[in-house]
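Residue numbers (my numbering): 30 to 501.
Here you go:
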């Protein structure tokens, strides 16, 4: 396995000159003492605690809320490099939206033999209940979070597509606010693209999805409740957009409409930005044991009386078994060559791929096709013989449930850790708002694996976050 210094470094720590677009920042940083940075780190932690930016870890016996570690050193991307990324992201989410409309409609890509039907129809995220539904503006996934990694010679690759309930945008915004408060002087000498207008863009896109005949839509954010790991973000976005944050118990169905309970009486709801997974949204159609959904919601959606975003069924496009076919989707629907490439992926449902994976688990990363958050995965090179043996049994017993990818040489970014600056592996999640006009704020959530040698950046697995700068 490579040592950390052998990976692509976005700013070389070994006395090499920084790239032009980040030279001003590094000139400033070189004048800072470790004592000053340590003091700033403590202040940043205080600010995040005061705002309430915490998360819950599923399965944590203590059940305590944790502060997501924040790194003081930003990730800096040149405007030229970002321009290419943005074009690739818009291309990708456009194709994914075409795919979702297609598989719930005519199924042209399946009929053309480009993607096997079982990949779609056996996905746990495929919702036959919405087949044929006319989605407003034909936008299934209004909000997408596309996970990017940098590897090899510094090229960006798409690692995952997140189209169900992508999270993390509140951390992106708050990271910037804290950086501007702690170090206002560096923003005066660096031309950093703004990101704080994201909630305004989100509100604009949600308003555009209003049902026919509704000019001034009532919009709500639907949350599972305070015990959800991303509850802070749900509350934050509702507050920033100036809309109500509601739970399932706050809504009810009457006369084929959705209403919100208020002290002034029922208020009709037109657009729901949901942060609840499909299967919990309506106990009459999906999981009957759900206590966080709205009974009868799907029937109102099917009649076009309320819009929900992201639309029910969007998750079929981010199933990890669908991921290997996204580049072909771009060619099929858009008649274009993909700008951003996938990571090589082995589908364990395919006998040839399964045999290769079983014989090479020690050098592969294995994921559940429907997994998220860094759970249910195996990082072969960092795993014990016992862990590898256990996964071999899991894959042999249920190959359809797993995919595998080579362990890539993820890029590293300088990170302030225990009063010293060290390289740590990172990924990047830009947020794309799809619609008649596709919007992307210039930046994203950079997640960093704080443990030395680790490539798992998820906060639930000990990762942290950085501010992400796009500079001229």
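Even glycine gets a Cβ: it sits at the ideal position worked out from N, Cα and C.
A quick note: this is a predicted structure, and the numbers were derived from the prediction, not measured.
Please report the straight-line C-alpha distance between residue 15 and residue 252, rounded to a whole angstrom.
The structure shown does not extend to residue 15, since the chain is modelled only from 30 through 501, so no value can be given for it.
Helix, strand or coil at residue 501 [DSSP, three-state]
coil
Between the CA atoms of residue 106 and residue 501 - distance to the nearest angstrom
9 angstroms
Whole alpha helix (DSSP H) runs in the region 154 to 221 with 4 or more residues, listed along the chain?
198 to 211, 213 to 218
Is residue 371 helix, strand or coil when you go by DSSP?
strand
At which residues does the alpha helix (DSSP H) containing residue 313 begin and terminate?
Per DSSP, residue 313 belongs to no alpha helix (DSSP H) and is neither H nor E.
Determine, using beta carbons only, whether residue 471 and residue 199 come nearer to each other than 8 angstroms.
no
Let me know the secondary structure DSSP gives residue 289 once reduced to three states.
strand
Whole-Å CB distance - residue 121 paired with residue 359, under 8 angstroms assumed
7 angstroms
Just reading off the beta strand (DSSP E) that residue 477 is part of, what are its end residues?
474 to 477
Would DSSP call residue 434 helix, strand or coil?
strand
Relative to the C-alpha of residue 133, which candidate in 305, 161, 153 has its C-alpha closest?
161
Can you give the Cα-Cα distance for residue 170 and residue 224, rounded to whole angstroms?
21 angstroms
Residue 481 to residue 496, Cα distance in whole Å?
20 angstroms
Can you tell which of 391, 443, 486, 54 has the C-alpha that lies nearest to the C-alpha of residue 220?
54
If contacts are defined as beta-carbon pairs under 8 angstroms, then residue 228 and residue 269 qualify, I think. What distance do you get, rounded to the angstrom?
4 angstroms
Would you call the region 442 to 459 and the region 174 to 190 touching, i.e. three or more CB-CB distances under 8 angstroms?
yes
Expressed to the nearest angstrom, what Euclidean distance is found between the alpha-carbon atoms of residue 104 and residue 243?
42 angstroms
Alpha carbon of residue 87 to alpha carbon of residue 258, nearest angstrom:
Legend: pLDDT at residue 87 = 49, less than 50; position of this residue unreliable, value from coordinates given subsequently. Going by the C-alpha atoms only, they are around 8 angstroms apart.
At 3 residues or longer, what runs of the beta strand (DSSP E) sit wholly inside the region 247 to 283?
248 to 251, 273 to 275, 280 to 283
For residue 469: DSSP bridge partner residues
461
Can you give the beta carbon distance from residue 321 to residue 254, rounded, assuming they're within the 8 angstroms contact cut?
6 angstroms
Distance, Cα to Cα, residue 280 vs residue 213?
43 angstroms
Can you grab the Cα-Cα spacing for the pair residue 485 / residue 296, in whole Å?
44 angstroms
Compare the Cα-Cα distances from residue 428 to each of 411, 375, 439, 82 and report the closest residue.
375
Identify whether residue 330 lies in helix, strand or coil by the three-state DSSP scheme.
helix
6 angstroms CB neighbourhood of residue 347 in its chain, flanking five on each side removed:
190, 191, 192
Please report the straight-line C-alpha distance between residue 234 and residue 163, rounded to a whole angstrom.
18 angstroms
Should residue 146 go down as buried or exposed, given a rule of 16 or more other Cβ atoms within 10 Å for buried?
exposed
From the DSSP output, in three-state form, read off residue 377 for me.
coil
Excluding the 5 residues flanking residue 108 on each side, which residues of the same chain have their C-beta closer than 7 angstroms to its C-beta?
499, 500, 501
Could you give the DSSP three-state label for residue 244: helix, strand or coil?
coil
Three CB pairs or more closer than 8 angstroms across the region 424 to 439 and the region 391 to 402
yes
Write down the C-beta distance between residue 466 and residue 166 rounded to the nearest angstrom, noting that I regard them as a contact closer than 8 angstroms.
Actually they are not in contact, since the Cβ atoms of residue 466 and residue 166 sit about 11 angstroms apart, beyond 8 angstroms.
Beta-carbon proximity of residue 445 to residue 70, cut-off 8 angstroms
yes
Looking at the structure shown, is residue 408 part of a helix, part of a strand, or coil, going by DSSP?
strand
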